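Below is one structure; the comments refer to it alone.
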Ligand SMILES: C[S@@+](CC[C@H](N)C(=O)[O-])C[C@H]1O[C@@H](n2cnc3c(N)ncnc32)[C@H](O)[C@@H]1O
């Protein structure tokens, strides 16, 4: 059942223009040109907005390639749902191209939030993360010792957490926390290592968020940012359950993703909605999952749901 009776109609393939969008992207011959158009549009817009997409792609790829072996757990078998076509990449997140373009794509996403303001990519990224942290802050106790960023990708969310929590610890004269980033893509983790020039992060772990094999009751804070819209519902349930196992009693989970109540998302132009839906295979499952019920079933309490910007919401809750 949908949590919000008014989640974006374009994501619902059973009614309205969501139905014809689904039919359109169901036509195999159209999919490839749609993906191509989506990519071109994203890259052109990003470069116009000060994100050196292609230049950065080769820099990151060259610097990260030698770090791939140490980033990979050869025994890890990625779940079948993860190997779907994502974001216009044939092999989804499991490729160099996705990893070497993730930083640029994340900055482009941050810039899209405030289209009418003249922000640099860094200003937009900081504003996005600061707003998330502000929602979580009132739930945190002291000290924060162990932090896990599930679905850390190339480490943008992880490093933002580190900067925030290190400052917070310094202000309180407490020991800085230990941060760990976890992701299913070894290529993303290799890029994360390159980007973590100041070694703010203690460990980059190649694992599935739903089967981390980490000990129970270990973490004070777990972050799950912009991951669930990439997951089928069964995987979201499993990840949230694993987060509950990994958190200490009283620990905090922060989940950030697209806001089903966002009027910007509801009113996306049909062409953009079609491109988005064609590159996000699980977006419909994401919007139709009752996230509050899912969290409470996993054992979370005191849910605080806050729109952190015009497109996204934070759900912060306690174990
Ligand atoms: C959009 S990125 C998240 C980016 C990052 N958290 C941020 O806020 O900038 C989603 C990431 O989740 C990872 N991911 C998807 N499913 C996963 C799973 N089951 N376990 C671990 N990582 C997963 C993908 O590899 C990808 O790097």
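Residue numbers (the working numbering): 99 to 417.
Backbone N, C-alpha and C fix where the C-beta goes; we use that ideal spot for every residue, glycine too.
Computed from a prediction, not measured in an experiment: that's the story for all the values here.
A distance criterion of 7 Å places the beta-carbon of residue 193 beyond contact range of ligand 1, judged by its closest non-hydrogen atom. Within 7 Å of the C-beta of residue 169 there is not a single heavy atom belonging to ligand 1.
In the DSSP assignment, residue 301 falls within the beta strand (DSSP E) that extends over 301–304. Distances between the C-beta of residue 134 and the heavy atoms of ligand 1 are all 7 Å or more. Rounded to the nearest whole angstrom, the CA to CA distance from residue 311 to residue 269 is 34 Å.
Bounds of the alpha helix (DSSP H) holding residue 385 are 381–386. Residues 242, 243, 245 and 263 of the same chain have their beta carbon placed closer than 6 Å to that of residue 275, with the five preceding and five following residues left out of the count. Where residue 403 is concerned, the enclosing beta strand (DSSP E) starts and stops at 399–405. Your pair residue 341 and residue 171 does not check out as a contact, with CB atoms roughly 20 Å apart and the cut at 8 Å.
Short note on residue 254: C-beta closer than 7 Å to some heavy atom of ligand 1. The three-state secondary structure of residue 131, taken from DSSP, is helix. Remark: the shortest separation between the CB of residue 249 and any heavy atom of ligand 1 falls under 7 Å. Sixteen is the threshold: when 16 or more other Cβ atoms of the shown chains lie within 10 Å of the Cβ of residue 209, as they do, the residue is buried. The alpha helix (DSSP H) runs of length 4 or more contained entirely in the segment 140–198 are, from start to end of the chain, 151–162 and 166–169. Residue 204 has its CB nearer than 7 Å to a heavy atom of ligand 1. Residue 254 places its beta carbon 8 Å or farther from that of residue 334. For residue 369, the closest of 322, 199, 136 and 144 by C-alpha to C-alpha distance is 136.
In the DSSP annotation of this structure, residue 217 is not part of any beta strand (DSSP E), being labelled neither H nor E. Remark: the C-beta of residue 412 is outside contact range of ligand 1, defined as less than 7 Å to any heavy atom. Only residues of its own chain outside the window of five on either side were considered, and among them 357 and 411 have a CB closer than 6 Å to the CB of residue 405, listed in chain order. Going by C-alpha positions, residue 327 is about 11 Å away from residue 353.
Between the alpha carbons of residue 218 and residue 147 lies a gap of roughly 8 Å.
If you ignore the 5 residues before and after residue 154, its C-beta comes within less than 6 Å of the C-beta of 202, all in its own chain and listed in chain order. Membership of residue 322 in the beta strand (DSSP E) is indicated by the continuous run 317–323. Straight-line measurement puts the Cα of residue 302 at about 14 Å from the Cα of residue 296.
Within the DSSP bridge table, the entry for residue 413 names 353 and 403 as partners. Under the DSSP assignment, residue 276 falls outside any alpha helix (DSSP H), being part of the beta strand (DSSP E) whose first and last residues are 276–281. The beta carbon of residue 397 lies closer than 6 Å to those of 342 in the same chain, with the five residues before and after it left out. Between residue 143 and residue 206, the beta carbon gap of about 7 Å places them in contact (Cβ cut-off 8 Å).
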